[in-house]
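Student: In terms of our numbering, the sequence shown opens at residue 1 and continues consecutively.
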Amino acid sequence: MSTPCVTAIHDLSGFGRCSLTVALPILSAMGVQCCPLPTAFLSTHTGGFEGFTFLDMTDEMPKTARHWKSLGLRFDAVYSGFLGSGRQIGVVEDFIRDFRGDGVVVVDPVMGDGGAVYQTYTPEMCAGMARLAEQADVITPNLTEAALLLGIPYAELPSGEDGCRAIVERLSLEGRRSVVLTGASLEPGSTGAMCFDASTGRTEAVQTRRVDREFHGTGDVFSSVLTGALVRGSSLVEAARAAVEFVRACAERTAAQDLPMREGVDFEPLLGLLARPVASPLDGLS
Ligand code: PXL
Numbered sequence: 001m002s003t004p005c006v007t008a009i010h011d012l013s014g015f016g017r018c019s020l021t022v023a024l025p026i027l028s029a030m031g032v033q034c035c036p037l038p039t040a041f042l043s044t045h046t047g048g049f050e051g052f053t054f055l056d057m058t059d060e061m062p063k064t065a066r067h068w069k070s071l072g073l074r075f076d077a078v079y080s081g082f083l084g085s086g087r088q089i090g091v092v093e094d095f096i097r098d099f100r101g102d103g104v105v106v107v108d109p110v111m112g113d114g115g116a117v118y119q120t121y122t123p124e125m126c127a128g129m130a131r132l133a134e135q136a137d138v139i140t141p142n143l144t145e146a147a148l149l150l151g152i153p154y155a156e157l158p159s160g161e162d163g164c165r166a167i168v169e170r171l172s173l174e175g176r177r178s179v180v181l182t183g184a185s186l187e188p189g190s191t192g193a194m195c196f197d198a199s200t201g202r203t204e205a206v207q208t209r210r211v212d213r214e215f216h217g218t219g220d221v222f223s224s225v226l227t228g229a230l231v232r233g234s235s236l237v238e239a240a241r242a243a244v245e246f247v248r249a250c251a252e253r254t255a256a257q258d259l260p261m262r263e264g265v266d267f268e269p270l271l272g273l274l275a276r277p278v279a280s281p282l283d284g285l286s
């Protein structure tokens with residue numbers, strides 16, 4: 001099998017471990033080539049830092065897409081996340097139309113967390129994100145983003161196992177789109193994801209031990225592992241299990257060191273967990 005290739009459409013935040021600084025190493029560790037299409041360059045992410053810089057990359061994106069098209073590039077997945085402007089919604093929609101081919105389109109509808117919308121997201125961008133997410137084969141919202149996509153207040157989201165099942169089924173566009181809801185806790189002490197798989201029509205939960213601390217960027221770690229596993233041939237639920245367990249391992253390690261939330265999870269020493277054993281360095285080469 002040739003090396004799978006994913007294009008990752010996210011911001012590049014210099015410090016704070018999220019988006020591209022997470023997607024690139026995780027996909028590489030999984031044996032997946034990652035071609036970044038940056039939406040913005042920030043000095044840090046926007047969660048917990050004051051005075052961050054923000055360079056909007058919107059104008060560069062269609063130029064990059066045109067060049068890639070002229071080279072005949074194909075991707076096994078188009079994977080999008082944090083967007084830098086309202087105009088980028090249309091740019092990413094065009095990109096997906098031009099490059100989806102036979103690949104999988106994963107849209108992480110990054111808009112907020114903990115019931116609050118991120119500072120750089122306007123109501124128009126949130127509406128645009130819902131439209132963009134309609135192009136996806138798989139979406140990976142957290143609970144805050146699920147409420148925004150459903151157009152209901154965060155406090156009114158249904159809860160518990162039945163509630164999480166109802167959320168993913170309502171977000172599935174009548175079964176046409178797979179949904180992996182993150183931060184889905186079915187009982188005290190556990191957390192994970194609720195998955196609706198459009199290819200089987202089944203809804204299934206994946207749970208693990210809950211780490212009682214919040215860290216920045218765990219959604220990006222989750223969606224990157226999920227995307228890597230999908231292009232390596234895992235089913236949706238297998239991919240969600242890999243993502244849930246990797247995020248738990250990262251959160252446990254980071255909590256044990258008591259690192260600040262805004263610095264993200266200390267995932268680098270754990271990247272080896274994502275690699276497949278290679279029997280011989282030349283395996284798979286011919
Ligand atoms: O992890 C989501 C994310 C990605 N990129 C930037 C962010 C955030 C969340 O705050 O600020 C720049």
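Idealized CB from N, CA, C, for every residue including glycine.
I'd like the list of long-range same chain contacts for T64, defined as Cβ closer than 7 angstroms, with 5 residues on each side in sequence excluded.
Tutor: If we look at T64 and ignore the five residues flanking it on each side, its Cβ neighbours are L37.
Student: Taking all protein chains shown into account, decide if S286 is buried (16 or more other Cβ within 10 angstroms of its Cβ) or exposed.
Tutor: For S286, the predicted structure reports a pLDDT of 48, less than 50, and the residue's modelled location is therefore unreliable. A value from the coordinates is still provided. That one is exposed.
Student: What's the gap between the Cα of R248 and the Cα of L271?
Tutor: Spanning the two alpha carbons is a distance of roughly 13 angstroms.
Student: Are the beta-carbon atoms of V168 and C195 separated by less than 8 angstroms?
Tutor: Going by C-beta atoms, V168 is nearer than 8 angstroms to C195.
Student: Report the three-state DSSP secondary structure of G183 (helix, strand or coil).
Tutor: Here G183 sits in coil by DSSP.
Student: With respect to 7 angstroms, is the separation between the Cβ of T46 and the closest non-hydrogen atom of the ligand PXL below this value?
Tutor: Yes, since a heavy atom of the ligand PXL falls inside the 7 angstroms radius drawn around the Cβ of T46.
Student: By DSSP, does A205 sit in helix, in strand, or in coil?
Tutor: Of the three classes helix, strand and coil, the one that applies to A205 here is strand, per DSSP.
Student: Output needed for F52: all residues of its chain with C-beta closer than 7 angstroms, excluding positions within five of it in sequence on either side, in chain order.
Tutor: Here the set comprises L42, S43, T44, T46.
Student: With M194 as the anchor, note down where its beta strand (DSSP E) starts and where it stops.
Tutor: M194 -> beta strand (DSSP E) spans 190–197.
Student: When the Cα atoms are used, what is the spatial distance from T39 to R213?
Tutor: Their Cα atoms are separated by approximately 29 angstroms.
Student: Which residues mark the beginning and the end of the alpha helix (DSSP H) in which P38 is found?
Tutor: Premise fails: P38 is in no alpha helix (DSSP H) and is neither H nor E.
Student: Grouping DSSP H, G and I as helix and E and B as strand, with all else coil, what is S159?
Tutor: Three-state DSSP puts S159 in coil, outside helix and strand.
Student: Round the Cβ separation of S80 and I139 to the nearest angstrom and send it over; I've been treating them as touching at under 8 angstroms.
Tutor: S80 to I139, Cβ: 10 angstroms. No contact.
Student: Check C250 in the structure and name its three-state DSSP category.
Tutor: If DSSP states are grouped into helix, strand and coil, C250 belongs with the helices.
Student: Short check: CB of V107 to CB of A136, under 8 angstroms?
Tutor: Yes, Cβ-Cβ distance for V107 and A136 is below 8 angstroms.
Student: Counting only runs of 3+ residues fully inside the stretch 83–160, write out the beta strand (DSSP E) ranges in chain order.
Tutor: Segments of the beta strand (DSSP E) lying fully in the stretch 83–160: 104–107.
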